[in-house]
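Residue numbers (our numbering): 458 to 943.
Where is the CB? At the ideal position from N, CA and C, for every residue including glycine.
Computed from a predicted model, the values in this text were never measured in an experiment.
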């Protein structure tokens, strides 16, 4: 994760029209592109040209935002050659050096900055961030405590302390400081989000629901308070409550992209895919460049069996971020459904290249490899999926079904026997064992497994009839099942 410093900026109130704002944005973007071209031309030609401080700051900020640390460092150095005491450029260079892993030089530069700007709180905040980055959490806490009486924004001090304790793995302490942050500033978005994350990690989210509802009672028109109540409900699978809370959030703040996105997620959990789609589309109008929203919309279309639309969304996802593994996986699922299996295999393998320890990716690859006749590759993928998540009965069932379809009943039985030893409470494993023993002619063993399956989950017996289409066999099975129930 890239190291970023917090730079406080004033809130600017704009009374201009939307058209004027869009026009000004377009002009700023055009001017920025021209500035970058001019700067890069200056780098290539080694020509010296006067550039004002504000331009150096903008160019540096652009390269840092893009993660181009080399050009950002060049911009900092060029700027500091002309403006050696610019605190903004010095701190930007510290950030760049830290992200390049040169922590020692970053520390030295900060020490020099303190000589030029004694007592500046921005320098101390940067020292805190650097201490956190290298894992020196005690120093970070000491620095923050030294700031307590030097800054007006106590909420920011508490938040930074919370983050430091969170980084140190002391989640209880972090929760306390995030709560202190919110006691001073209920609109501190990051504190609300980090508090929810810590409580979830501690398993204390449900016990803190009263805290979240109290925040809403204190500020009934706070979209952030409603939003975090909705997120808390969703994490607890209380999706109907989540929908209600999130609807309040977007009612208060109509341009709240994250609110629409989380509302879409809640509808997905409720399997209300049309409603989810509507929310994701609104979120995209507000933030079109977010791969996560495109990916979730793709999943929504996929569930609606609109595979062509889903493919477009997944393609947009991986175009925005080629490392978004869920996008490649989604493409594989869609092409699989369209029976374009060779293409699906390629997409699943691309997802695995990015995240090799996801059992779902290996399981999907295994099934698809089998469909195209790559039996050895299929078995290797099944084995990998089971190695990653041996407690998932679906992996063992699908692997055994491939063996069963090949007529290799003995291997299918051996495989499920091994699974049952680790998962003795999974009724589906016993139902399939009964099926495989019937096909292999061992009716006594089949009956033993069937009885165990019926004991664990009587209603699960319906799956047996998928394997026996003949009416006489169905009647015989039904007779046994009915006798057992009596």
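Rounded to whole angstroms, the Cβ separation of residue 788 and residue 804 is 4 angstroms, and the two are in contact under 8 angstroms. Out of 730, 674, 736 and 731, the CA that lies nearest to the CA of residue 703 is found in 736. Taking a 10 Å sphere around the C-beta of residue 524, we find fewer than 16 other C-beta atoms and assign the residue as exposed. Counting along the chain, residue 615 sits inside the alpha helix (DSSP H) bounded by residues 611-624.
Per DSSP, reduced to three states, the secondary structure at residue 890 is helical.
Rounded to whole angstroms, the gap between the alpha carbons of residue 819 and residue 889 is 22 angstroms.
The Cβ atoms of residue 757 and residue 730 sit closer than 8 angstroms to each other. For residue 879, the CB contacts under 8 angstroms within the same chain, skipping 5 residues up- and downstream, are 847 and 848 in chain order. Distance from residue 861 to residue 887 at the Cβ level is roughly 15 angstroms; contact not present, criterion being Cβ atoms closer than 8 angstroms.
With respect to the C-alpha of residue 697, the residue from 727, 554 and 689 having the closest C-alpha is 727. Between the alpha carbons of residue 632 and residue 710 lies a gap of roughly 27 angstroms. Here the C-alpha atom of residue 800 lies approximately 7 angstroms from the C-alpha atom of residue 792.
For residue 591, no alpha helix (DSSP H) segment is defined, and its DSSP state is neither H nor E. In this structure, the alpha-carbon of residue 897 lies about 10 angstroms from that of residue 891. Within the region 788-869, the complete alpha helix (DSSP H) segments at least 4 residues long are 798-811, 816-828, 832-845 and 850-862, listed from N- to C-terminus. With contacts defined as CB atoms closer than 8 angstroms, residue 600 and residue 628 fail to qualify as a contacting pair. One Cα belongs to residue 585, the other to residue 641, and the distance between them is close to 21 angstroms.
Scanning its chain for C-beta atoms nearer than 8 angstroms, with the 5 sequence neighbours on each side dropped, one finds around residue 877 the residues 883, 886, 887 and 890, in chain order. Under the three-state reduction of DSSP, residue 508 is assigned to coil, being neither helix nor strand. Residue 835 sits away from residue 802, with the two beta carbons spaced by 8 angstroms or more. Between the region 534-543 and the region 551-560 there are fewer than three C-beta pairs closer than 8 angstroms, too few to call the two in contact. Where residue 915 is concerned, there is no enclosing alpha helix (DSSP H), because DSSP gives it neither an H nor an E.
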